[in-house]
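Participant: Pasting in a structure now, in structure tokens, and then I'll have a few things to ask.
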């Protein structure tokens, strides 16, 4: 064999050996990095009760690398924990020493963070008349209580706010909220506001607008002079409860809800979305100063681009949109007329006091099912465009009702179609999902 061949063979062997040295170092580096990754993730778990550095060191002990760990740093607060670690190992070289390298180092670093995001929740609950059937209201109460107990745990204190928006034919926002707006007040029986159709293209609650108060009368109970189902709900337990973290107060309201009147899902969704929109921040601050919202939530709703805030609507219905009527302007013009219709069912009065030829002149149809579906689609789209996560529940609904609710949801996976006691599983599943979404690593 020639000297050239021998020299070439030696060079090849040397380079092969160098490759082995480098491969051995890479294997060690991978072992260090994988151990670090798992260790800091475990240490950053907010439910981890062991000190973060102890957790990380334990991982390296179990991987027979106790001396490799060089540093562990921890940064934590009430709603977050961040753990960083570095590690290295020095290995003697074999073949790389031929190049003047006497040792090789395998190093790794990793950081993990778990953070509880601020969460703003609007529970938009259907209390329309059909909820009296098949034990639906009782099932809703149980399900909604389960939801409250799941999201309002002690460790979420000051972080998770819940607003309840009961809706039927309309939404009673209550005097505290409507008192912060410009309203053309006609009566003091209830606190519902009319929205222009254009308002459903945005989640904003326009505080510059002068709103018209919804007429207080009943049209949808034929033949009896009862005012049980006025267009606007009138009892305090039917009003919006905004930005609370008190499970007892929230569950007390839920357990007071009673089935009534028709179904206007789009109005419930409008208010639910508005309570997550920064345009209502001043209203929430005013509510908090008056004791009508939790003081911990002054400054909410957060901006849409706040990476530490999750905004979500849980929208539930057992039906689909229906028609809704209003009195003609001429019939609801004076205070005596306002007082009159607060005392008389429309149909009862017309049948007994007005020639049937003139009945149609007393009222007009403001909404029908088609328009309701369209307005709901508009406000759902606006909410999703702003990053609001929408969960929807169709509770013993028709196929059409299911389609409308599925379209509103953030995705098909965010829609639940349930029967009977399945509604509790739906609310619990959503609550668990929200708890997972608020944990970011």
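Numbering (our numbering), first residue to last: 7 to 447.
Glycine is no exception: its CB is placed at the ideal position from the N, C-alpha and C atoms.
(1) Would you tell me roughly how many angstroms separate the C-alpha atoms of residue 118 and residue 273, rounded to the nearest one?
(2) Excluding five sequence neighbours on each side, which residues of the same chain lie with their C-beta closer than 8 Å to the C-beta of residue 434?
(3) Should residue 176 go down as buried or exposed, given a rule of 16 or more other Cβ atoms within 10 Å for buried?
(4) With a cut-off of 8 Å on the beta carbons, I'd call residue 135 and residue 265 a contact; round off their distance for me.
(5) For the stretch 320-336 and the stretch 356-376, state whether three or more C-beta atom pairs, one from each stretch, are separated by less than 8 Å.
(6) Please determine, among 145, 87, 361 and 67, the residue with the shortest C-alpha to C-alpha distance to residue 424.
(7) Mapping DSSP to helix, strand and coil, what is residue 400?
(8) Grab the span of the alpha helix (DSSP H) containing residue 433 for me, first residue to last.
(9) Measuring straight from C-alpha to C-alpha, what distance separates residue 287 and residue 319?
(10) Spatial neighbours of residue 399 within its chain, please: C-beta separation below 6 Å, excluding the five flanking residues on both sides.
(11) Give the straight-line distance between the Cα atoms of residue 129 and residue 199, rounded to the nearest whole angstrom.
(12) Which runs of the alpha helix (DSSP H) fall wholly inside the stretch 208-276 and span at least 4 residues, in chain order?
(13) Along the chain, where does the beta strand (DSSP E) containing residue 132 start, and where does it finish?
(14) For residue 317, which residues does DSSP report across the bridge?
(15) Just to confirm, are residue 436 and residue 289 a CB contact at a threshold of 8 Å?
(16) So what's residue 55 in DSSP terms, helix, strand or just coil?
(17) Using 8 Å as the Cβ pair cut-off and three pairs as the minimum, do the stretch 185-200 and the stretch 235-249 touch?
(18) Would residue 279 pass as a contact of residue 394 if the rule is Cβ separation under 8 Å?
(19) What distance in whole Å lies between the Cβ atoms of residue 116 and residue 46, which are believed to be in contact at a cut-off of 8 Å?
Facilitator: Put simply:
(1) 42 Å
(2) 149, 152, 153 and 156
(3) buried
(4) 5 Å
(5) yes
(6) 145
(7) strand
(8) 428-443
(9) 17 Å
(10) 322, 422 and 432
(11) 19 Å
(12) 253-262
(13) 124-132
(14) 126
(15) no
(16) coil
(17) yes
(18) yes
(19) 5 Å
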